[in-house]
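Participant:
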Amino acid sequence: METFKETRERFIIAALVLTLILLFTSMIFAVEQKMSIADAFFYIIFSLETFNYRGDYGILLLFVSFFIGVFAVYLFETLIYLVRDEFGGVVYMAQTLRLKDHYVVCGGGRIGQHIANLLREKHKKVIIVEKDENVAIELKSMGFKVLKENALEEKTFKMVNTSRANAVFACLGQDVDNFIVILNAKAANKNVIVISRCNSVKNIGKFKNLGADEVVLPEIAGADRMVYLEEHFKSK
Numbered sequence: 063m064e065t066f067k068e069t070r071e072r073f074i075i076a077a078l079v080l081t082l083i084l085l086f087t088s089m090i091f092a093v094e095q096k097m098s099i100a101d102a103f104f105y106i107i108f109s110l111e112t113f114n115y116r117g118d119y120g121i122l123l124l125f126v127s128f129f130i131g132v133f134a135v136y137l138f139e140t141l142i143y144l145v146r147d148e149f150g151g152v153v154y155m156a157q158t159l160r161l162k163d164h165y166v167v168c169g170g171g172r173i174g175q176h177i178a179n180l181l182r183e184k185h186k187k188v189i190i191v192e193k194d195e196n197v198a199i200e201l202k203s204m205g206f207k208v209l210k211e212n213a214l215e216e217k218t219f220k221m222v223n224t225s226r227a228n229a230v231f232a233c234l235g236q237d238v239d240n241f242i243v244i245l246n247a248k249a250a251n252k253n254v255i256v257i258s259r260c261n262s263v264k265n266i267g268k269f270k271n272l273g274a275d276e277v278v279l280p281e282i283a284g285a286d287r288m289v290y291l292e293e294h295f296k297s298k
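Residue numbers (the numbering used here): 63 to 298.
#1: For residue 96, which three-state DSSP category applies?
#2: Can residue 168 and residue 243 be called in contact, C-beta distance under 7 Å?
#3: Would you report the Cα separation of residue 184 and residue 81, rounded to the nearest angstrom?
#4: Beta-carbon within less than 7 Å of residue 227's beta-carbon, same chain only, minus the 5 sequence neighbours each way: which residues are those?
#5: Pull the bridge partners of residue 207 from the DSSP assignment, please.
#6: Can you tell me the Cα-Cα spacing of residue 71 and residue 79, whole angstroms?
#7: Per DSSP, which one or two residues make a beta bridge with residue 168?
#8: Could you check which residue in 193, 137, 92, 210 has the C-alpha nearest to that of residue 75?
#9: On the CB-based measure, 16 or more other CB atoms within 10 Å of its CB, does residue 88 come out buried or exposed?
#10: Going straight from the alpha carbon of residue 222 to that of residue 188, what length do you get?
#11: Can you tell me where the alpha helix (DSSP H) holding residue 216 begins and where it ends?
#12: So residue 266 and residue 231 are supposed to be a Cβ contact under 8 Å. How far apart are they, rounded?
#13: Compare the Cα-Cα distances from residue 273 to each of 225, 249, 288 and report the closest residue.
#14: Nearest to residue 198 by alpha carbon, out of 241, 174, 224, 170?
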């Protein structure tokens, strides 16, 4: 599925191409009809508005009108994305304002999915924040409530009503990103529990200083679990 960024880039390219075509066509008319470029431009616009494609330049005007049509399509698509992103965000905020005692999972990767699954199995209310559109679509198909936004932005934590949440799980891949998640979560609700993933032992203290209530290193947690299981079987 095409993202807003891709649509915006196509829109900009179409606008530049259309501008160059109008400028080039105006220059041709100005030279042939011995008029100023401005007069030639207005003549072209008038011809396009009245569908007056007769004369020596009828095919050229038809070509210009085709590009205007293409540009109009891209403009319409861009407006749809803007309305969906802005208005859709407002609608989402209105929906989440009714939520309380829920859990916010930042990051829809493997760890985020496992956390969300475990919480759902316990019949907890879960919202996953995931900026990647394809991942967000996949998570929605799995039945999760998903907000397609960037967890590194403060507004995201207002949209998921962090002020009434039980806990926030920071599950992004990079420690520096989880730093920001912790700060944003605590800024939205200083009392919310924040449990963060961490990739480096040396960063545990930094996470704690930023406000993380618990810090988990997936590799160490996995190793501890494996040792625990071995000892558990020995004790049987």
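Each residue gets a CB set at the ideal place from its N, CA and C atoms; glycine is no exception.
Keep in mind that this is a model prediction, so the values were computed, not measured.
Facilitator: Considering the structure as presented:
#1: Coil, per DSSP.
#2: Yes.
#3: Their Cα atoms are separated by approximately 58 Å.
#4: By the criterion of a C-beta distance shorter than 7 Å, residue 227 is surrounded in its chain by 164, 165, 166, 251, 254, once the five residues flanking it on both sides are discounted.
#5: Beta-bridge annotation (DSSP): residue 207 is paired with 189.
#6: Residue 71 and residue 79: Cα-Cα distance of roughly 12 Å.
#7: Answer is 191, 232.
#8: Of the listed residues, the one whose Cα sits closest to residue 75 is 137.
#9: Buried is the call here.
#10: The C-alpha of residue 188 is placed about 10 Å away from the C-alpha of residue 222.
#11: Residue 216 -> alpha helix (DSSP H) spans 216-221.
#12: Separation of the CB atoms of residue 266 and residue 231 is rounded to 16 Å, and the pair is thereby denied contact status at 8 Å.
#13: For residue 273, the closest C-alpha among the options 225, 249, 288 is that of 249.
#14: When each option's Cα is compared against that of residue 198, the closest is 170.
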